[in-house]
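Written out below as structure tokens is the structure these notes cover.
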Amino acid sequence: MSYHNPYTPPRKSATFDDYTLAEIRRAAATGIYDIRGAGTKRKVPHFDDLLFLGASISRYPLEGYREKCDTSVVLGTRFAKKPIHLKTPITIAGMSFGALSGNAKEALGRGATIAGTSTTTGDGGMTDEERGHSQILVYQYLPSRYGMNPKDLRRADAIEVVVGQGAKPGGGGMLLGQKISDRVANMRNLPKGIDQRSACRHPDWTGPDDLEIKIMELREITDWEKPIYVKVGGARPYYDTALAVKAGADVVVLDGMQGGTAATQDVFIEHVGMPILACIRPAVQALQDLGIHRKVQLIVSGGIRSGADVAKALALGADAVAIGTAALVALGDNDPRWEDEYRKLGTTAGAYDDWHEGRDPAGITTQDPELAARLDPIAAGRRLANYLKVMTLEAQTIARACGKNHLHNLEPEDLCALTMEAAAMAQIPLAGTNWYPGKGGF
Numbered sequence: 001m002s003y004h005n006p007y008t009p010p011r012k013s014a015t016f017d018d019y020t021l022a023e024i025r026r027a028a029a030t031g032i033y034d035i036r037g038a039g040t041k042r043k044v045p046h047f048d049d050l051l052f053l054g055a056s057i058s059r060y061p062l063e064g065y066r067e068k069c070d071t072s073v074v075l076g077t078r079f080a081k082k083p084i085h086l087k088t089p090i091t092i093a094g095m096s097f098g099a100l101s102g103n104a105k106e107a108l109g110r111g112a113t114i115a116g117t118s119t120t121t122g123d124g125g126m127t128d129e130e131r132g133h134s135q136i137l138v139y140q141y142l143p144s145r146y147g148m149n150p151k152d153l154r155r156a157d158a159i160e161v162v163v164g165q166g167a168k169p170g171g172g173g174m175l176l177g178q179k180i181s182d183r184v185a186n187m188r189n190l191p192k193g194i195d196q197r198s199a200c201r202h203p204d205w206t207g208p209d210d211l212e213i214k215i216m217e218l219r220e221i222t223d224w225e226k227p228i229y230v231k232v233g234g235a236r237p238y239y240d241t242a243l244a245v246k247a248g249a250d251v252v253v254l255d256g257m258q259g260g261t262a263a264t265q266d267v268f269i270e271h272v273g274m275p276i277l278a279c280i281r282p283a284v285q286a287l288q289d290l291g292i293h294r295k296v297q298l299i300v301s302g303g304i305r306s307g308a309d310v311a312k313a314l315a316l317g318a319d320a321v322a323i324g325t326a327a328l329v330a331l332g333d334n335d336p337r338w339e340d341e342y343r344k345l346g347t348t349a350g351a352y353d354d355w356h357e358g359r360d361p362a363g364i365t366t367q368d369p370e371l372a373a374r375l376d377p378i379a380a381g382r383r384l385a386n387y388l389k390v391m392t393l394e395a396q397t398i399a400r401a402c403g404k405n406h407l408h409n410l411e412p413e414d415l416c417a418l419t420m421e422a423a424a425m426a427q428i429p430l431a432g433t434n435w436y437p438g439k440g441g442f
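First residue of the sequence shown: 1, per full-length UniProt numbering; consecutive thereafter.
Laid out in structure tokens, this is it:
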């Protein structure tokens, strides 16, 4: 005979928690997998698990009001005739017109131009709004080739060959029919209102030797003027970085699993790829082993939120970072001002991720003309520029506190780790020791 203790509350399973149970019921009822946007929502080791060691006696800090700390970066110095010069190492990641509204793309271009940095087209081609308001525009060259043409390749300031994305390394793109308007359909040569799924790999090459040929083709089309980036998802960063360099990349872009996406399977977002913290040091090691670190630039992305994140990424060896989700929040995404409408969609501000449905109350991840009109691209561009300015100032403040007169002078020695996981991933000593897992000895 069992006995129920009235003082003990019912205990739920940690494995079968409420969210997991709800997902099982949803799958059983519908027979389809869940699709959403944004990035992973699970907690993974991240930049918050690292701390800077400010200067005192053994290091000499810089006075913020009298001594300069440079933030500029030049990208594409390896082969391109016209490398890109940025005032800040914080760039805007690729987000397509289709996934985003025309007003959102214009706002990104405006904000990036004010801040002196670059923005990136994303899948689906180049819009006049984005090219017209982006002083420096990177053109993404994806497996789908939607909207790709030699004219736009030449109009761009750099070309980014996308091999993988952090939210879905090994997976292709997805744009559901409700967001394929007349204009999107025309740009992508697709039927209006029909779901689009782009390939997970390029149709005309199957490995690094073919990629080298493709990069040469792009250089010939653009008269060797444009820097060529190669973007990979965070999965095997050492070998992918080394092979991108072998293929002739000027810049390697490395995207961790915290990076967002317009739409893909939830199982992809949460269970494929690695945190960006685990990706940076192997990629840097590959560049160092090839004797080409800083000659081929490394851009990292995936969950960058603040100037502290920027400084930590650069201290680990990156040359620049890219932001996507944070840039959308700066424009007005998931703003509590639209809370009533988020609730009507069955969610709340800060949790809205059904970007694929095209019903974004903020007018950012939509092709609905009435919703898109809610976003003022001039005001939103100013907000983005303000955010980029603050991030840059924060990174400068940290660099000065570590005695550095350029953000690129930050180094692993300026950091310590709070957790064993972060110490192992970043190869940074655990706070209070000179050891990290795998190093051996204390």
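Using N, Cα and C, we set each Cβ at its ideal position, and we do this for glycine too.
**OP:** Using the Cα positions of Gly124 and Arg36, report the straight-line distance between them to the nearest angstrom.
**Re:** 19 Å
**OP:** Note down, in chain order, each residue of its chain lying with its Cβ closer than 7 Å to the Cβ of Gly116, except the 5 sequence neighbours on either side.
**Re:** Leu86, Lys87, Thr88
Subject >> Inter-residue Cα distance where the pair is Phe442 and Leu418 >> reply: At Phe442, the pLDDT of 44 sits below 50, so the modelled position is not reliable; the number obtained from the coordinates is stated separately. So the alpha carbons of these two residues sit roughly 16 Å apart.
Subject >> With 16 other Cβ atoms within 10 Å as the buried cut-off, status of His133 >> reply: buried
**OP:** Kindly indicate which residue of Gly350, Gly317, Tyr139, Gln196 has the alpha-carbon position closest to the one of Ala38.
**Re:** Gly350
Original post:
In this structure, does DSSP put Tyr238 in helix, strand or coil?
Top reply: helix
**OP:** Please work out which residues of its chain come closer than 6 Å, Cβ to Cβ, to Phe97, disregarding the five sequence neighbours upstream and downstream, and give them in chain order.
**Re:** Lys105, Gly124, Thr127
Subject >> Phe52, enclosing beta strand (DSSP E) - first and last residue >> reply: 50-52
**OP:** Please classify Asn5: does DSSP put it in a helix, a strand, or coil?
**Re:** coil
**OP:** Using alpha carbons as the reference points, say which of Leu100, Asp223, Asn409, Pro237 lies closest to Ser181.
**Re:** Leu100
Subject >> Gly102, enclosing alpha helix (DSSP H) - first and last residue >> reply: 102-115
Original post:
Looking at the unbroken beta strand (DSSP E) that takes in Arg374, where does it start and where does it end?
Top reply: No beta strand (DSSP E) holds Arg374; DSSP gives it neither H nor E.
Original post:
Does the separation of the CB atoms of Leu153 and Ile221 fall below 8 Å?
Top reply: yes
Original post:
When you compare each of Ala315, Ala380, Met216, Asp340 to Ala107 by their alpha carbons, which one comes out closest?
Top reply: Ala380
Subject >> Simplified DSSP assignment, three categories, for Gln258 >> reply: coil
Original post:
Taking C-alpha atoms, which residue in Ser118, Gln367, Ala322 lies nearest to Leu254?
Top reply: Ala322
**OP:** Please name the residue or residues paired with Ala283 in a DSSP beta bridge.
**Re:** Answer is none; Ala283 lacks a bridge partner.
**OP:** State the DSSP-derived secondary structure class of Lys179, mapped to helix, strand or coil.
**Re:** helix
Original post:
Using the beta-carbon count (16 or more within 10 Å), is Trp355 buried or exposed?
Top reply: buried
**OP:** Could you say if the stretch 285-304 and the stretch 194-207 meet the contact criterion of at least three C-beta pairs nearer than 8 Å?
**Re:** no
Subject >> C-alpha gap between Glu339 and Asp376, whole angstroms >> reply: 19 Å
Subject >> Completely contained beta strand (DSSP E) runs for the stretch 351-429, where each covers 3 or more residues >> reply: 415-417
**OP:** Mind checking which residues open and close the alpha helix (DSSP H) that includes Glu23?
**Re:** 18-30
**OP:** Please check the pair Val162 and Lys231, which I expect to be a contact at CB under 8 Å, by giving their CB distance rounded to whole angstroms.
**Re:** 5 Å
Original post:
Taking buried to mean at least 16 other C-beta atoms within 10 Å of its own C-beta, is Met95 buried or exposed?
Top reply: buried
Subject >> Close beta carbons around residue 450, own chain, < 6 Å, minus the five adjacent residues each side >> reply: This structure cannot speak to residue 450, because the chain is shown only from 1 to 442.
Original post:
Under 8 Å, do Met174 and Arg197 count as touching if we go by C-beta distance?
Top reply: yes
Subject >> Which of helix, strand or coil DSSP assigns to Tyr436 >> reply: coil
Original post:
Out of Lys192, Ala372, Ile159, which has the shortest C-alpha to C-alpha gap to Val251?
Top reply: Ile159
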